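Residue numbers (the UniProt record's numbering): 1 to 138. Glycine included, every Cβ here is placed at the ideal spot set by N, Cα and C. Note that this is a predicted model, so its numbers are computed, not measured. Since the structure comes first, as structure tokens, the remarks are kept for the end.
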Amino acid sequence: MSAGPGRSKAARVTTGWTYPALPVSAARMRQDVRAALAALDADPDAVDDLLVATSEAINNAVEHAQRPSRPEVRVGLRVVGDTACVSVRDFGTWREGSPSRDRGRGVALMQAYGRVRTECTAQGTTVTIERRLHDRPR
Numbered sequence: 001m002s003a004g005p006g007r008s009k010a011a012r013v014t015t016g017w018t019y020p021a022l023p024v025s026a027a028r029m030r031q032d033v034r035a036a037l038a039a040l041d042a043d044p045d046a047v048d049d050l051l052v053a054t055s056e057a058i059n060n061a062v063e064h065a066q067r068p069s070r071p072e073v074r075v076g077l078r079v080v081g082d083t084a085c086v087s088v089r090d091f092g093t094w095r096e097g098s099p100s101r102d103r104g105r106g107v108a109l110m111q112a113y114g115r116v117r118t119e120c121t122a123q124g125t126t127v128t129i130e131r132r133l134h135d136r137p138r
């Protein structure tokens, strides 16, 4: 398959942002990541999927990171070829949320929209979400 208008097989983006560890940071992240991906002519549905999953990762970082050494969340974006990889890092220790029937679906939501990896260390948790930016034609 050849690259379409505005698409490059060698597309490469590497950038990142730091946000306060507050729920409102998810909205700012969506604006920043969407703007960074705009030049790649990515499939709008793929971008939306990535943003939903990343918003959930930020919300989890804000809610579950305890005693953070820094009250911030770092978001990194790397695009190589047709694949975007977004990482969300907090600087606290993990705390399980209280069990509830209407909560606890965040990881499943992220997994529905991309390939998800989680790494927990004493210095914080990093969630990485990977998603293709252009779906193949049917």
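- Taking all protein chains in view, the Cβ of R117 is surrounded by fewer than 16 other Cβ atoms within 10 Å, so the residue is classified as exposed.
- Put simply, the backbone Cα of A61 is about 7 Å away from that of V73.
- Following the DSSP letters along the chain, one finds G16 inside the beta strand (DSSP E) bounded by residues R12 to P20.
- For the options T54, A26, E63 and D43, the alpha carbon positioned closest to that of F91 is the one of E63.
- Leaving aside the five residues that flank D43 on each side, the residues in its chain whose CB is nearer than 7 Å to its CB run, in chain order, L133, H134 and D135.
- The UniProt domain "Histidine kinase/HSP90-like ATPase" (20-129) contains, as complete beta strand (DSSP E) runs of 3+ residues, the segments 72-80, 83-89 and 115-121 (chain order).
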